[in-house]
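> Residue numbers (our numbering), protein chains in the order written: chain R, 2 to 518; chain H, 2 to 326. For glycine and all other residues, C-beta sits at the position ideal for the given N, C-alpha and C. Structure provided below as structure tokens; questions to follow.
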Amino acid sequence: MSHGPAKGLSRWFLATNHKDIGTLYLWFSFSMFLLGGSFAMIIRAELFQPGLQLIEPNFFNQMTTMHGLIMVFGAIMPAFVGLANYMIPLMIGAPDMALPRMNNFSFWLLPIAFAILASTLFMDGGAPNFGWTFYAPLSTTYAPPSVTYFIFGIHIMGLSSIMGSINIIATIMNLRAPGMTLMKMPLFVWTWLITAFLLVAVMPVLAGAVTMMLMDIHFGTSFFSAAGGGDPVLFQHIFWFFGHPEVYIIILPAFGVVSEIIPTFSRKPLFGYASMVYATAAIAFLSFIVWAHHMFTVGMPLVGELYFMWATMLIAIPTAAKVFNWITTMFKGSITFETPMLFSIAFVFLFTIGGFTGLMLAIAPADMQYHDTYFVVAHFHYTMVAGAIFSMSAAIYYWLPKWTGRMYNESMGKVHFWISFLGFNLTFFPQHFIGLAGMPRRIPDYALQFADFNMISSIGAFIYGASQLLFLYNVIATIKYGEKTTVKKTWEGANGLEWTQPSPLPYHTFTTPPEFK
Amino acid sequence: MSGQHNSDYQTYYVPEQSWMAILASIALGLMVIGAAGGINSLTYKTDGSTSWVLLIGGMMLLAGVLATWFTITIRENLAGMNSAQLKRSYRLGMQWFIFSEVMFFFCFFGVLLYLRTLSGPWLSGDGAGVMNTILWPNFVYEWPLMATPQDAMGGLDAQNAAGHLANNGVHKGPAQNMAFPGFADLLHWLPFWNTLLLVSSSVFLEFAHHALKHDKRRVFNLWLAATLVFGFSFVILQIVEYHEAYSEYGLFLNSGVYGATFFLLTGFHGFHVCMGACILLVQFCRSVMGRQFTAEDHFGFEAASWYWHFVDVVWICLVFVVYLF
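The following block contains the structure:
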């Protein structure tokens, strides 16, 4: 246990150390973020002007599909799993994850799954082109042959997520330092415990969905075909039974991150810790019973529309409790605005906008108008980008000095924040308006009246994309040349077991558990 | 706060570097690339020989890696490297794995519920919708679904003639179904025997566990062997049932949603019974040849028995919604 990391590449391929595996996850997810981001750049370049300029409609469809799949399954989810790997053992005083070899298995399945997924771009008939939600019959009867590879890729991703989540649950349930009761756990640990539960619960359902797709395409079954007595809408129900918990899988760890960062820079304890825990649990519970709000226009019975509308609106209550708690934490705090705090405040502000538009979309009669328009695109990018990605940027700046023992360039961090903030809002705020005015999503061409806002949106997207390269540069520069820091508490207001360890972190921490009071 | 020793706390074993995970990932990758290519070669009538080689090679590599991996963990435990805390981690891991399996079957049971209570009746005109009766005239919903909407129209050709573009082949209803034939024919009804086999095997397994806890090794081995015989008999009867379905009942994978859901639920259950039986077989070999379990420490066996009870519970649910009602 006293040895350091192995020399050479075997350190990474054969890793059992949670910090190494966390690092692998984080770099993998960032590379997927750049790949998925480059697809977004292609989409925005095509939409820069009305008419078809750069790419064929079928390739446009492949780009929207691959962008969504890679960002959701390849960038955001692995980023938070990596953060969980790195931080949860440190936060609960554990020597490592509970099952370190399986941890490595969870990681190495991902590059394989995404190599398979990305290779579909070069196959005959092209990559999946049916949208990241892969609705039948687009993904069955009308799918390109590469859909088979997509299906097995999803299976591998699911396997990785399930094993990763089982590991996280076992770690949190079993490896907490003596004295750390559940209600004394840091909020990031709490949100990940609940997220891992959601993952174990819904990834198998996704596996079931793609299995039935496979059988419909190749083995003559008729689950999603009315000719044999099946129902294409059944696919949507299964997909969203997975998909709605999935969006909370993405956002709950982000809640956890900002719940760590805001108290640090407000120099106050988190306001309403217990209510934060209960709100997280409530959101997770509700996520299982609201799925069909994604399908208001599909022709459900009225009673279904009403039920899913009211149930969805209930989610606003625990979510608002969280937002008020973050604001109240800052209230009368002695606030400083370092980069992690800037991203976290922007998170609270922009995620709330995404929450409000979600409330608008939850109103079934109004959703008849909004459905499948750019309003929906704007809504979920406010939660996915300004929610998940902003909080991820915050987390990297927040813990990077702890991981590397080097301080990042604060001015460059602030520049990254402000360009990201500007670029993001320039991209997605106008999309609310063009959506309300009726521009449909997933279409490579559009009517002339949407031209100005689309051009603004594309310029914003290029700015946001470029700012991520600055982020990459800042992180690499920090690791290589950053100013050395050995203080245990990088941030004077920080609390938690990870800040009791030296900077940079030794290869093994907490080989014997600390006494937690 | 940090660095203090807690005297009644054992060091948690963190394994050294391991080849297992990366090899298992490569094996799974080869397997799925082979499976996808092979399945595509069947559907699109291309040469799939390379793909099948990849699939089989990947499976063999995976089997080898998993056997090695489990051997390593067993040796670690026998060497006394596993603290009570690590053993709890393994237990938690298995419990949550079974929960994920529960959710996998939950999906398929949900599909059956939806098709039978909602979309099936809607297809024949129930509810407020008006399109279905126009699209599928003459279709009458019943369960088991013996005549599909395509049959009601007069088959695939009639469907194409009517301008239905979204079809993916022939979906002709089955000639006969697998539903409960009534008590007079109970003894000729395979699911009855299968239920008897699987439920009693679960009971035998509990007897085995009880014997192990009281350190009666011979009794343990006998009951475990009985469980295995009954478990594999179940699998054989299931194969007989499928053979009958195809050769006598006219019940195929493409026999509408009845055939689809029948084979989906019983097929995945049967596959899980196979896996459970193989896991139990490994435990049997470990007990007979390696004498590896003790009355106190036999988690491999316990995990296998949890899994076996899980497939048993799934079967009981299945008997009710697939065969009886």
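#1: Assign residue 313 of chain R to one of two classes, buried (16 or more other C-beta atoms within 10 Å of its C-beta) or exposed (fewer than that).
#2: Got a sec: is the Cβ-Cβ distance from residue 86 of chain H to anything in chain R below 8 Å?
#3: Could you name the residues of the region 225-240 of chain H whose beta carbon sits closer than 8 Å to any beta carbon of chain R, in the order they occur along the chain?
#4: For chain R, find out if any of its Cβ atoms is closer than 8 Å to the Cβ of residue 244 of chain H; answer yes or no.
#5: Are residue 109 of chain R and residue 162 of chain H closer than 8 Å when you measure CB to CB?
#6: Buried or exposed: where does residue 180 of chain R fall if 16 or more other Cβ atoms within 10 Å of its Cβ makes it buried?
#7: Check residue 510 of chain R in the structure and name its three-state DSSP category.
#8: Is residue 4 of chain H helix, strand or coil by DSSP?
#9: What does the alpha-carbon distance come out to for the pair residue 42 of chain R and residue 200 of chain R?
#10: Spatial neighbours of residue 33 of chain R within its chain, please: CB distance less than 8 Å, with the 5 preceding and 5 following residues excluded, ordered by chain position.
#11: State yes or no: is the beta carbon of residue 157 of chain R nearer than 8 Å to at least one beta carbon in chain H?
#12: Indicate the three-state DSSP secondary structure (helix, strand or coil) for residue 177 of chain R in the structure shown.
#13: Less than 8 Å between the CB atoms is what I'm expecting for residue 508 of chain R and residue 436 of chain R, so what's the real figure, rounded?
#14: Do we get a CB-CB distance below 8 Å when we pair residue 16 of chain H with the residues of chain R?
#15: So, does the CB of residue 97 of chain H fall closer than 8 Å to a CB anywhere in chain R?
#16: What's the gap between the Cα of residue 2 of chain R and the Cα of residue 259 of chain R?
#17: Three Cβ pairs or more, each shorter than 8 Å: is that satisfied between the region 385-394 of chain R and the region 338-354 of chain R?
#18: Closer than 7 Å by C-beta to residue 202 of chain H: which residues in its own chain qualify, once you throw out the five before and the five after it? Chain order, please.
#19: At a CB-CB cut-off below 8 Å, which residues of chain R make contact with residue 255 of chain H?
#20: Return helix, strand or coil for residue 149 of chain H, following the three-state DSSP convention.
#21: Can you find a CB in chain H that lies within less than 8 Å of the CB of residue 513 of chain R?
#22: Helix, strand or coil for residue 214 of chain R? Go by DSSP, reduced to three states.
#23: Measure the Cβ-Cβ separation of residue 210 of chain H and residue 306 of chain H and say whether it is below 8 Å.
#24: For residue 118 of chain H, count neighbouring Cβ atoms within 10 angstroms of its own Cβ and tell me buried if that reaches 16, exposed if not.
#25: If you reduce the DSSP assignment to three classes, tell me which class residue 374 of chain R lands in.
#26: By how many angstroms is the C-alpha of residue 283 of chain R removed from the C-alpha of residue 242 of chain R?
#27: Identify, in the order they occur along the chain, each residue of the same chain with its Cβ nearer than 6 Å to the Cβ of residue 53 of chain H, setting aside the five sequence neighbours on each side.
#28: What did DSSP end up calling residue 14 of chain R once you bin it into helix, strand or coil?
#29: Determine the chain A residues that contact residue 238 of chain R at a beta-carbon separation under 7 Å, and present them in chain order.
#30: I'd like to know if the region 168-184 of chain H and the region 214-228 of chain R are in contact, where contact means that at least 3 CB-CB pairs between them fall below 8 Å.
#31: Mapping the DSSP letters down to three states, classify residue 485 of chain R as helix, strand or coil.
#32: Got a sec? Which residues, its chain only, sit under 7 Å from residue 299 of chain H by beta carbon, not counting five neighbours each side?
#33: Does DSSP put residue 341 of chain R in a helix, a strand or coil?
#34: Which runs of the alpha helix (DSSP H) at least 4 residues long sit entirely within the region 44-112 of chain R? Give them in chain order.
#35: For residue 323 of chain H, I'd like the list of residues in its chain whose CB is within less than 7 Å of its CB, leaving aside the five on either flank, ordered along the chain.
#36: Residue range of the alpha helix (DSSP H) that residue 261 of chain R falls in?
Working from what's here:
#1: Against the first sequence, residue 313 of chain R aligns to sequence position 312. Looking at its Cβ environment, which holds 16 or more other Cβ atoms inside 10 Å, residue 313 of chain R is buried.
#2: In the second sequence, the residue the question calls residue 86 of chain H occupies position 85. Yes, because at least one Cβ of chain R sits closer than 8 Å to the Cβ of residue 86 of chain H.
#3: Nothing from the region 225-240 of chain H brings a Cβ to less than 8 Å from some Cβ of chain R.
#4: As a position in the second sequence, residue 244 of chain H is number 243, starting the count at 1. Residue 244 of chain H is outside the set of residues whose beta carbon lies under 8 Å from a beta carbon in chain R.
#5: Position 108 of the first sequence, counting from 1, holds the residue named residue 109 of chain R. Position 161 of the second sequence, counting from 1, holds the residue named residue 162 of chain H. Not a contact, by the Cβ cut-off of 8 Å.
#6: For the purposes of this step, residue 180 of chain R is taken as the residue at position 179 of the first sequence. By the 10 Å Cβ count, residue 180 of chain R comes out exposed.
#7: If you number the first sequence from 1, residue 510 of chain R lands on position 509. Per DSSP, reduced to three states, the secondary structure at residue 510 of chain R is coil, with no helix or strand assignment.
#8: Your numbering for residue 4 of chain H matches position 3 in the second sequence. The pLDDT assigned to residue 4 of chain H is 39, lower than 50, so where the model puts this residue is not dependable; a value taken from the coordinates is nonetheless given after this. DSSP places residue 4 of chain H in the coil class of the three-state scheme, outside both helix and strand.
#9: Working through the first sequence from its first residue, we reach residue 42 of chain R at position 41. Working through the first sequence from its first residue, we reach residue 200 of chain R at position 199. Put simply, the backbone Cα of residue 42 of chain R is about 30 Å away from that of residue 200 of chain R.
#10: Translated into the one-based positions of the first sequence, residue 33 of chain R becomes position 32. If we look at residue 33 of chain R and ignore the five residues flanking it on each side, its Cβ neighbours are 71, 72, 75, 76, 79, 115.
#11: Against the first sequence, residue 157 of chain R aligns to sequence position 156. The beta carbon of residue 157 of chain R falls within 8 Å of a beta carbon belonging to chain H, placing the residue at that interface.
#12: Translated into the one-based positions of the first sequence, residue 177 of chain R becomes position 176. Correct three-state label for residue 177 of chain R: coil.
#13: Translated into positions along the first sequence, residue 508 of chain R becomes position 507. Translated into positions along the first sequence, residue 436 of chain R becomes position 435. In fact, because the Cβ distance is near 50 Å, the residues do not count as touching under 8 Å.
#14: In the second sequence, residue 16 of chain H corresponds to position 15, counting from 1. Interface residue, yes.
#15: Here the question's residue 97 of chain H lines up with position 96 in the second sequence. At least one CB atom of chain R sits nearer than 8 Å to the CB of residue 97 of chain H.
#16: The count along the first sequence starts at 1 and reaches residue 2 of chain R at position 1. The count along the first sequence starts at 1 and reaches residue 259 of chain R at position 258. For residue 2 of chain R, the predicted model reports a pLDDT of 45, less than 50, meaning its position is unreliable; a value from the coordinates is still stated below. Each residue's Cα considered, the two are about 33 Å apart.
#17: The region 385-394 of chain R is in contact with the region 338-354 of chain R.
#18: Counting from 1 along the second sequence, the entry for residue 202 of chain H is found at position 201. Counting only Cβ-Cβ distances below 7 Å, and skipping sequence neighbours, we find 228, 231, 232.
#19: As a first step, residue 255 of chain H is located in the second sequence; it is residue number 254 there, counting from the start. Neighbours of residue 255 of chain H across chain R, judged by C-beta separation under 8 Å: 220, 221, 222, 223, 229.
#20: In the second sequence, residue 149 of chain H corresponds to position 148, counting from 1. Note: residue 149 of chain H maps to coil in three-state DSSP.
#21: Locating residue 513 of chain R in the first sequence gives position 512, counting from the first residue. Look at residue 513 of chain R: its C-beta is under 8 Å from a C-beta on chain H.
#22: Counting from 1 along the first sequence, the entry for residue 214 of chain R is found at position 213. In the structure shown, the three-state DSSP call for residue 214 of chain R is helix.
#23: One-based indexing of the second sequence puts residue 210 of chain H at position 209. One-based indexing of the second sequence puts residue 306 of chain H at position 305. Between residue 210 of chain H and residue 306 of chain H, the CB-CB gap stays under 8 Å.
#24: For the purposes of this step, residue 118 of chain H is identified with residue 117 of the second sequence, where counting begins at 1. Exposed: under 16 other Cβ atoms inside 10 Å.
#25: For the purposes of this step, residue 374 of chain R is identified with residue 373 of the first sequence, where counting begins at 1. Of the three classes helix, strand and coil, the one that applies to residue 374 of chain R here is strand, per DSSP.
#26: Taking the first residue of the first sequence as position 1, residue 242 of chain R is located at position 241. Taking the first residue of the first sequence as position 1, residue 283 of chain R is located at position 282. The C-alpha of residue 283 of chain R is placed about 17 Å away from the C-alpha of residue 242 of chain R.
#27: The count along the second sequence starts at 1 and reaches residue 53 of chain H at position 52. So the qualifying residues of the chain are 39.
#28: Locating residue 14 of chain R in the first sequence gives position 13, where the first residue counts as 1. Residue state, collapsed to three classes: helix.
#29: Judged by its chain identifiers, the structure shown contains no chain A, and its protein chains are R and H.
#30: Three or more Cβ pairs closer than 8 Å define a contact, and the region 168-184 of chain H meets that threshold against the region 214-228 of chain R.
#31: Residue numbering aside, residue 485 of chain R sits at position 484 when the first sequence is read from its first letter. Here residue 485 of chain R sits in strand by DSSP.
#32: Counted from its first residue, the second sequence places residue 299 of chain H at position 298. The beta carbon of residue 299 of chain H is closer than 7 Å to those of 213 in its chain, skipping five residues each way along the sequence.
#33: Looking up residue 341 of chain R in the first sequence gives position 340. Helix, per DSSP.
#34: For the region 44-112 of chain R, whole alpha helix (DSSP H) runs of length 4 or above, ordered along the chain, are 58-70, 78-93.
#35: For the purposes of this step, residue 323 of chain H is taken as the residue at position 322 of the second sequence. Residues 263, 266, 267 of the same chain have their beta carbon placed closer than 7 Å to that of residue 323 of chain H, with the five preceding and five following residues left out of the count.
#36: The residue you call residue 261 of chain R lines up with position 260 of the first sequence. Boundaries of the alpha helix (DSSP H) harbouring residue 261 of chain R: 233-267, taken from the DSSP string.
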